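Participant:
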Amino acid sequence: MQVEALLCQKDLDVALGKKPKKMDQADWELKDKKARAVITLALAKSVAFNIMKETTASGMMKALSNMYEKPSAANKVFLIRELVNTKMMEGASVTSHINNLNSILSRLLSVGIKFDDEVQALLLLSSLPDSWSGTVTAVTSSAGASGMTFEGIRDLVLGEDIRRKNQGGSSSSEMLHVGRGRRDSRDSGSRGRSSSRTKKSVKCWHCNEVGHVKSQCPKKQLNAATEDVFEDDALILSDESSVDSWVMDSGASIHATHSSELMKNLKIGDFGKVRLGNDMRLVDCFNTIQQDYTSIAT
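For the sequence shown, the UniProt record's numbering assigns the number 1 to the initial residue and increments by one for each residue that follows.
(1) In terms of alpha-carbon separation, which member of K19, L30, K70 and S46 lies closest to I113?
(2) V84: which of V3, I162 and Q120 sits nearest, CA to CA?
(3) Have a look at the DSSP bridge pairing and note the partners of V210.
(4) Leaving out the 5 sequence neighbours to the left and right, which residues in its chain are closer than 6 Å to S58 when beta-carbon positions are compared?
(5) Apart from the five residues on each side of it in sequence, which residues of its chain come closer than 8 Å, Cβ to Cβ, to L7?
(6) Helix, strand or coil: how does DSSP classify V178 here?
(7) At a cut of 8 Å, does the segment 136-149 reach the segment 74-88 through at least three beta carbon pairs?
(8) Need the endpoints of the alpha helix (DSSP H) that V14 sits in, please.
(9) Taking the continuous alpha helix (DSSP H) assigned at S133, which residues delimit it?
(10) Compute the Euclidean distance between the alpha carbons of A42 and K53, then round it to the nearest angstrom.
(11) How long is the line joining the alpha carbons of L105 and G91, rounded to whole angstroms?
(12) Tell me which same chain residues have a C-beta within less than 8 Å of the C-beta of R107, skipping the five on either side of it?
(13) So, V94 versus L124, is the Cβ gap smaller than 8 Å?
(14) Is the beta carbon of K214 less than 8 Å from the beta carbon of W205?
(15) The alpha helix (DSSP H) with G159 in it runs from where to where?
(16) Am I right that I162 and V139 are in contact with their C-beta atoms under 8 Å? What's the rounded C-beta distance?
(17) How is D116 classed by DSSP in three states: helix, strand or coil?
(18) Cα separation between P129 and A63?
(19) Go ahead and label L109 buried or exposed: buried means 16 or more other beta carbons lie within 10 angstroms of its beta carbon, across all protein chains shown.
(20) Less than 8 Å between C-beta atoms, sequence neighbours within five positions excluded: which residues of the same chain meet that for N100?
(21) How is S93 classed by DSSP in three states: helix, strand or coil?
(22) Taking DSSP as the reference, what is the three-state secondary structure of R193?
(23) Provide the residue span of the alpha helix (DSSP H) that contains F78, from first to last.
(24) Between which residues of its own chain and N75 is the CB-CB distance below 6 Å, once the five residues before and five after are set aside?
(25) Counting along the chain, where does the alpha helix (DSSP H) carrying N66 start and finish?
(26) Any idea what DSSP makes of L128, helix, strand or coil?
(27) Between the alpha carbons of S190 and E160, how many angstroms are there, rounded?
(28) Is L7 helix, strand or coil when you go by DSSP?
(29) Could you tell me the boundaries of the alpha helix (DSSP H) in which I51 lies?
(30) Output the distance between the C-alpha atoms of M89 and T137, rounded to the nearest integer angstrom.
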């Protein structure tokens, strides 16, 4: 198609047909020679070598048509595969990508494969990279009953590309990004992650002093040669009924109960002592308890 346009521009397209009756043989041969030169120079060397045996401009064009536009099954498979694998790379030229896609669609049309206008628009949208996912979602969500047109989607994509370049290349995925979790920076009026309570109101369970917690107690660190401290979230749930009261603590290593009939899996034995957070034994803290718990529920 481009070669034919180039020949037409140079007024040499007459050489692709039959010799006019009123044209001299010498003039005809000169036009044909110039047309063959234009065709040869317009092609890559690897392609031009395949048609050099042709002695006329029309013969060259016919050979090219048989090579690339012949509606054979092999050519159709090649073009369809090229179309399916055409994807725009991140940061690549949008204009070049659209031109390449148009070229493939035109070659498919020359071998008898024509896509509906809306299908061509969908092919263009599906060939865009992940950074365009926000644009693709917005376009497909706003498409009306009349569908989409290739020309409309092409103009929209080109306009979006210009807008991104003017904004320094910001992508839709960056603009639509929603962060989760805590912010990296906080203003002066916000509390940090670990400052839900001020240190002045915190009392250590180990030394009963104010200003730090048990895991940060300096006295505890002096008494222990080595100590591994693990911090994690603990789930504490409670529920009350008219019969019994239950307390569940996901951070506890041992659970005790006074009613063995309520437990399904029960192991009876001496499994150690139950201590509170201040390292005092439960039997020592409450005078109402006369003996150590030996019924341990699992």
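Each residue gets a CB set at the ideal place from its N, CA and C atoms; glycine is no exception. Quick caveat, the model's predicted, so the values are computed rather than measured.
Facilitator: Here's the rundown:
(1) K70
(2) Q120
(3) Per DSSP, K203.
(4) L16
(5) Excluding five sequence positions before and after L7, the CB atoms of its chain that fall closer than 8 Å to its own CB belong to D13, A15, L16, A35, V38, I39 and A57, given in chain order.
(6) Below a pLDDT of 50, predicted positions are generally treated as unreliable, and V178, at 38, falls in that range; no measurement from the model is reported.
(7) no
(8) Careful: V14 lies outside any alpha helix (DSSP H) and carries neither H nor E.
(9) S133 to S142
(10) 17 Å
(11) 23 Å
(12) For R107, where only same-chain residues beyond five positions count, the Cβ hits under 8 Å are Y68, E69 and L79.
(13) Taking 8 Å as the Cβ cut-off, V94 and L124 do not qualify as a contacting pair.
(14) yes
(15) From DSSP, the alpha helix (DSSP H) with G159 extends over F150 to N166.
(16) That belief does not hold up - the Cβ atoms of I162 and V139 are roughly 16 Å apart, past 8 Å.
(17) coil
(18) Roughly 37 Å separates the two Cα atoms.
(19) exposed
(20) T86
(21) coil
(22) Here R193 scores only 47 on pLDDT, less than 50, and its place in the model should not be relied on; the value that follows carries that caveat. Three-state result, R193: coil.
(23) Under the DSSP assignment, F78 falls in the alpha helix (DSSP H) whose first and last residues are A73 to V84.
(24) V111
(25) A57 to Y68 is the extent of the alpha helix (DSSP H) around N66.
(26) Here L128 sits in coil by DSSP.
(27) Caution applies to S190, whose pLDDT of 46 falls short of 50 and renders its modelled position unreliable; the model cannot decide the point.
(28) helix
(29) Where I51 is concerned, there is no enclosing alpha helix (DSSP H), given that its DSSP letter is neither H nor E.
(30) Cα-Cα distance, rounded: 19 Å.
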